[in-house]
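First up is the structure itself, then whatever we jot down about it.
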Amino acid sequence: MFATFIDNKIMSLWEEKEPLLRVFDSRIEKIRLYNVRAPAIRTSTYQSCTTIKEAAASIEQRLTKIDHAAIHPHLLDMKIGQGKYEQGFFPKLQSDVLMNGPINNK
Numbered sequence: 005m006f007a008t009f010i011d012n013k014i015m016s017l018w019e020e021k022e023p024l025l026r027v028f029d030s031r032i033e034k035i036r037l038y039n040v041r042a043p044a045i046r047t048s049t050y051q052s053c054t055t056i057k058e059a060a061a062s063i064e065q066r067l068t069k070i071d072h073a074a075i076h077p078h079l080l081d082m083k084i085g086q087g088k089y090e091q092g093f094f095p096k097l098q099s100d101v102l103m104n105g106p107i108n109n110k
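Adding 4 to a residue's 1-based position in the sequence shown gives its number in our numbering.
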């Protein structure tokens with residue numbers, strides 16, 4: 005996770021920054037603006053977070069673009085003994101299975 009953060013930080017020199025990296029950078033910039041040193045970051049004075057909407061928007065954007073959605077577990081349409089093979093050899097292809105198109109599980 006840290007290595008990915010460092011990679012994204014380096015890549016931001018040439019490409020557009022990732023949304024979460026922009027949130028991180030804006031928070032660091034805000035801390036620098038208030039001249040707050042590292043040991044004094046957790047002070048008793050409250051500083052409101054102005055980037056919470058940006059953070060929420062980036063999380064929502066990430067959730068709308070899911071890379072992969074797995075289908076529910078299901079039994080395969082296979083007759084008993086149809087999948088037998090000898091160890092060390094590629095199994096014979098099943099002509100009846102290859103003749104049918106894929107089954108859509110939507």
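Just so you know, even glycine gets a beta-carbon here, dropped at the ideal spot from N, CA and C.
How would you write the range of the alpha helix (DSSP H) that residue i sits in, first residue to last?
| i | result |
| --- | --- |
| Thr8 | 6-15 |
| Phe28 | 23-37 |
| Gln4 | The displayed coordinates of the chain run from 5 to 110. Any statement about residue 4 would go beyond what the structure contains. |
Once DSSP output is grouped into helix, strand and coil, what is the label at residue i?
| i | result |
| --- | --- |
| Leu97 | coil |
Among the residues of its own chain, which have a CB less than 6 Å from the CB of residue i, if the five just before and after it don't count?
| i | result |
| --- | --- |
| Pro77 | none |
CB-CB under 7 Å to residue i, same chain, minus the five flanking residues each way: which ones, in chain order?
| i | result |
| --- | --- |
| Thr55 | Val27, Ser30, Arg31 |
Cβ pair count under 8 Å reaching 3, the region 59-70 against the region 93-107:
Touching, no.
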